Amino acid sequence: MKLHGPALRLTVFVGDTDTWHHKPLYHEIVHRAHSAGLAGASVFRGMEGYGASNHIHTTRILSLSEDLPVAVVIVDAADKIRSFLPQLDELISEGLVILDEVEVIRYVGRPAGQGGRR
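Residues 0 to 117, numbered by numbering that gives the first Met the number 0, are exactly what the sequence shown covers, in order.
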(Lines of atoms letter the chains of each structure in order from A; the text may use other names.)
(Lines give C-alpha, C1' and ligand atoms only; values in the text may rest on other atoms or scores of the structure.)
Protein backbone atom coordinates (compact mmCIF):
# COMPACT_ATOMS: atom_id res chain seq x y z
CA MET A 0 0.00 0.00 0.00
CA LYS A 1 1.25 3.50 -0.82
CA LEU A 2 0.41 6.68 1.06
CA HIS A 3 1.27 9.86 -0.78
CA GLY A 4 0.64 13.56 -0.89
CA PRO A 5 2.09 16.99 -0.14
CA ALA A 6 4.24 17.53 2.92
CA LEU A 7 6.88 19.88 4.28
CA ARG A 8 10.51 18.88 4.82
CA LEU A 9 12.34 20.62 7.65
CA THR A 10 16.13 20.37 7.48
CA VAL A 11 18.18 21.75 10.37
CA PHE A 12 21.93 22.18 9.85
CA VAL A 13 24.04 22.37 13.02
CA GLY A 14 27.48 21.22 14.13
CA ASP A 15 27.96 17.82 15.72
CA THR A 16 29.58 19.45 18.75
CA ASP A 17 26.64 21.84 19.35
CA THR A 18 24.96 21.01 22.65
CA TRP A 19 21.77 21.65 24.60
CA HIS A 20 22.16 21.13 28.37
CA HIS A 21 25.29 18.99 27.88
CA LYS A 22 23.66 16.70 25.26
CA PRO A 23 24.10 16.83 21.49
CA LEU A 24 21.77 19.43 19.97
CA TYR A 25 20.68 17.05 17.20
CA HIS A 26 19.61 14.58 19.91
CA GLU A 27 17.39 17.19 21.56
CA ILE A 28 15.82 18.18 18.23
CA VAL A 29 14.97 14.54 17.43
CA HIS A 30 13.49 13.94 20.89
CA ARG A 31 11.40 17.10 20.73
CA ALA A 32 10.15 16.15 17.25
CA HIS A 33 9.16 12.74 18.64
CA SER A 34 7.39 14.33 21.62
CA ALA A 35 5.57 16.68 19.23
CA GLY A 36 4.22 13.65 17.37
CA LEU A 37 5.97 14.40 14.09
CA ALA A 38 6.05 11.55 11.58
CA GLY A 39 9.81 10.91 11.81
CA ALA A 40 13.25 12.43 12.07
CA SER A 41 16.66 11.34 10.80
CA VAL A 42 20.14 12.68 11.54
CA PHE A 43 22.81 12.69 8.85
CA ARG A 44 26.45 13.43 9.67
CA GLY A 45 28.41 15.28 7.02
CA MET A 46 31.87 14.27 5.96
CA GLU A 47 32.92 17.76 5.02
CA GLY A 48 31.38 21.20 4.92
CA TYR A 49 31.46 24.83 5.93
CA GLY A 50 28.97 27.41 7.05
CA ALA A 51 28.82 31.00 8.20
CA SER A 52 32.30 30.79 9.74
CA ASN A 53 33.72 29.98 6.27
CA HIS A 54 35.97 27.39 7.97
CA ILE A 55 35.98 23.95 6.28
CA HIS A 56 35.34 21.04 8.63
CA THR A 57 36.32 17.58 7.39
CA THR A 58 36.69 13.93 8.39
CA ARG A 59 39.87 13.50 6.33
CA ILE A 60 42.51 11.73 8.38
CA LEU A 61 45.11 14.49 8.13
CA SER A 62 42.66 17.15 9.29
CA LEU A 63 41.09 17.69 12.66
CA SER A 64 37.55 16.32 12.57
CA GLU A 65 35.87 18.82 14.85
CA ASP A 66 32.40 20.30 14.60
CA LEU A 67 31.38 18.34 11.52
CA PRO A 68 28.11 19.32 9.86
CA VAL A 69 24.95 17.49 10.93
CA ALA A 70 21.57 17.64 9.19
CA VAL A 71 18.37 16.75 11.04
CA VAL A 72 15.61 16.00 8.52
CA ILE A 73 11.94 15.88 9.52
CA VAL A 74 9.01 15.39 7.12
CA ASP A 75 5.35 15.81 8.02
CA ALA A 76 2.26 17.83 7.18
CA ALA A 77 3.01 21.54 6.74
CA ASP A 78 0.91 22.65 9.73
CA LYS A 79 2.65 20.20 12.07
CA ILE A 80 6.12 21.25 10.88
CA ARG A 81 5.30 24.96 11.19
CA SER A 82 3.96 24.49 14.72
CA PHE A 83 7.29 22.85 15.64
CA LEU A 84 9.43 25.81 14.47
CA PRO A 85 9.17 27.82 17.75
CA GLN A 86 10.97 24.98 19.53
CA LEU A 87 13.94 25.50 17.22
CA ASP A 88 13.99 29.19 18.17
CA GLU A 89 14.66 28.06 21.72
CA LEU A 90 17.34 25.51 20.80
CA ILE A 91 19.42 26.98 17.99
CA SER A 92 21.82 29.86 18.50
CA GLU A 93 23.77 29.21 15.29
CA GLY A 94 22.71 27.08 12.35
CA LEU A 95 20.51 27.01 9.28
CA VAL A 96 16.92 25.87 8.87
CA ILE A 97 15.43 25.04 5.46
CA LEU A 98 11.79 24.35 4.65
CA ASP A 99 10.95 22.57 1.37
CA GLU A 100 7.57 21.63 -0.03
CA VAL A 101 7.81 17.95 -0.98
CA GLU A 102 5.61 15.15 -2.22
CA VAL A 103 5.71 12.04 -0.08
CA ILE A 104 5.35 8.47 -1.27
CA ARG A 105 5.38 6.15 1.72
CA TYR A 106 5.19 2.38 1.42
CA VAL A 107 3.45 0.65 4.33
CA GLY A 108 1.95 -2.70 5.19
CA ARG A 109 3.33 -5.01 2.52
CA PRO A 110 2.41 -8.61 3.25
CA ALA A 111 5.33 -11.00 3.74
CA GLY A 112 6.44 -12.57 0.47
CA GLN A 113 5.46 -9.54 -1.62
CA GLY A 114 8.71 -7.62 -1.38
CA GLY A 115 8.28 -6.68 2.27
CA ARG A 116 10.41 -7.45 5.29
CA ARG A 117 10.56 -11.00 6.51
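Note that beta-carbon positions come from the ideal geometry of N, C-alpha and C, so glycine has one too. Bear in mind the structure is a predicted one, so any value in this text is a computation, not a measurement.
Nearest neighbour of residue i, chosen from the options [CA to CA]
i: V11; options: L95, L37 and H21; result: L95
i: L37; options: D78, G4 and R105; result: D78
i: D119; options: Y49, I80, S82 and R81; result: The question about residue 119 has no answer here: the residues shown for the chain are numbered 0 through 117.
i: R44; options: H33, P68 and L7; result: P68
Simplified DSSP assignment, three categories, for residue i
i: D66; result: coil
i: Y25; result: helix
i: I97; result: strand
i: A32; result: helix
i: I91; result: coil
i: D15; result: coil
i: A76; result: coil
i: L9; result: strand
Proximal residues to residue i (C-beta, below 7 Å), its chain only, five neighbours per side dropped
i: S92; result: none
i: E27; result: W19 and L90
C-beta neighbour in chain B for residue i, strict 8 Å
i: I73; result: Any reference to chain B falls outside this structure, which holds one protein chain only.
Chain-order list of residues whose beta-carbon lies under 8 Å from that of residue i (same chain, five-residue window excluded)
i: G4; result: E102 and V103
Beta-carbon proximity list for residue i, same chain, < 6 Å, skipping 5 on both sides
i: T16; result: D66
Determine, using beta-carbon pairs with one atom in the region 16-26 and one in the region 73-87, whether at least three such pairs fall under 8 Å. no
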